[in-house]
Amino acid sequence: MISIIIPVYNEAAGIADLLKHLDERSTSGKITEILVVDGGSTDNTIFRANNYINNGSLLPMSVLTSRKGRASQMNTGAKQAKGEILYFLHADSYPPHGFDTTILNQVEKGNSAGCFRMKFDTKHPVLTFSQWFTRFNVRACRGGDQSLFISRDLFTSLKGFNEDFDVYEDCEFIGRIYDEHDFTVVNDYVITSSRKYTKNGTLRLQYHFTVIHFKKWFGASPSELTRYYNKYIVS
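Residue numbering for the sequence shown follows my numbering, starting at 1258 and increasing by one per position.
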């Protein structure tokens, strides 16, 4: 069955809503657990998550702690997970109804790794154009906001996420999957927040994300990507 791993940092405003969404959109008996992995939040993220869990969550849920950094947090969750399928989900991304059944069906077909297409929670024309590309099964169209399912065996063989990357960790890992294994894109949609675009400006943020992609393709180190991100992007 599936272990859902959610890395969080200062997500108090939305974590309970996401956990409720997962309770309501999943199918009985297909989720082993949901692991919320906190990276040192300074708000009430842990309290809000535990409050939801302790007041009647339908699925087995627990909160773990890790050093800050999504790669480290996701690896921590994977080490603790009991499921044979790992499903990595950002705290502001909401999978479709029956997502767990869809993932299990894909794995039964022999697809050991994949993601959903993505839609933003806004109709901004730039983001509508950008999300259209998530239907294509090429690595340049991938990103962590689309979520990621992967068999434990494949995750282990790839040695998990590279913790040298404070940014771009999802794309780096998915790139290694494409290098060595088949990858599938499910014809259904994760809905993800546009909040970072609102903070930074849509065109401005899209430009900086594109620069980061090109920097990586041309050999920039993880620390160079982090410096660029911290200089130009408001988290």
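No residue lacks a Cβ here, since even glycine has one placed at the ideal position from N, Cα and C.
Could you check if residue i is buried or exposed, using at least 16 other CB atoms within 10 Å of its CB as the buried criterion?
i, result
"S1480", "exposed"
"N1311", "exposed"
"P1382", "exposed"
"L1384", "buried"
"K1416", "exposed"
"H1354", "exposed"
"F1440", "buried"
"T1449", "buried"
"Y1425", "buried"
"A1348", "buried"
"G1340", "buried"
"S1369", "buried"
"L1315", "exposed"
"D1402", "buried"
"R1374", "buried"
"N1362", "exposed"
In the DSSP assignment, find the unbroken alpha helix (DSSP H) run with residue i in it and report its ends.
i, result
"D1295", "D1295 -> not in any alpha helix (DSSP H); beta strand (DSSP E) instead, spanning 1288 to 1295."
"M1331", "1327 to 1337"
"L1482", "1479 to 1489"
"T1385", "1382 to 1389"
"V1424", "Run containing V1424: none; DSSP gives neither H nor E here."
"V1468", "1459 to 1474"
"L1364", "Note that residue 1364 is Val in the sequence shown here, rather than Leu. Looking at the DSSP string, the run of the alpha helix (DSSP H) that includes V1364 is 1356 to 1365."
Considering only DSSP beta bridges, list what residue i is partnered with.
i, result
"G1371", "F1406, T1441"
"K1376", "I1448"
"Y1208", "This structure gives no information on residue 1208, because the portion of the chain shown stretches from 1258 to 1492."
"Y1351", "I1448"
"T1322", "D1295"
"I1261", "I1291, Y1344"
The beta strand (DSSP E) spanning residue i covers which residue range?
i, result
"Y1344", "1342 to 1345"
Can you round the beta-carbon distance between residue i and residue j to whole angstroms, since I take them to be within the 8 Å contact cut?
i, j, result
"P1264", "Q1330", "4 Å"
"A1269", "R1327", "That belief does not hold up - the Cβ atoms of A1269 and R1327 are roughly 17 Å apart, past 8 Å."
"R1409", "I1342", "7 Å"
"R1399", "C1372", "7 Å"
"H1470", "I1490", "That pair is no contact at about 13 Å."
Cβ contact (3+ pairs, closer than 8 Å) linking the stretch 1303 to 1320 and the stretch 1387 to 1397: no
Give a yes or no on contact between the stretch 1352 to 1366 and the stretch 1280 to 1287, applying the rule of three or more CB pairs nearer than 8 Å. yes
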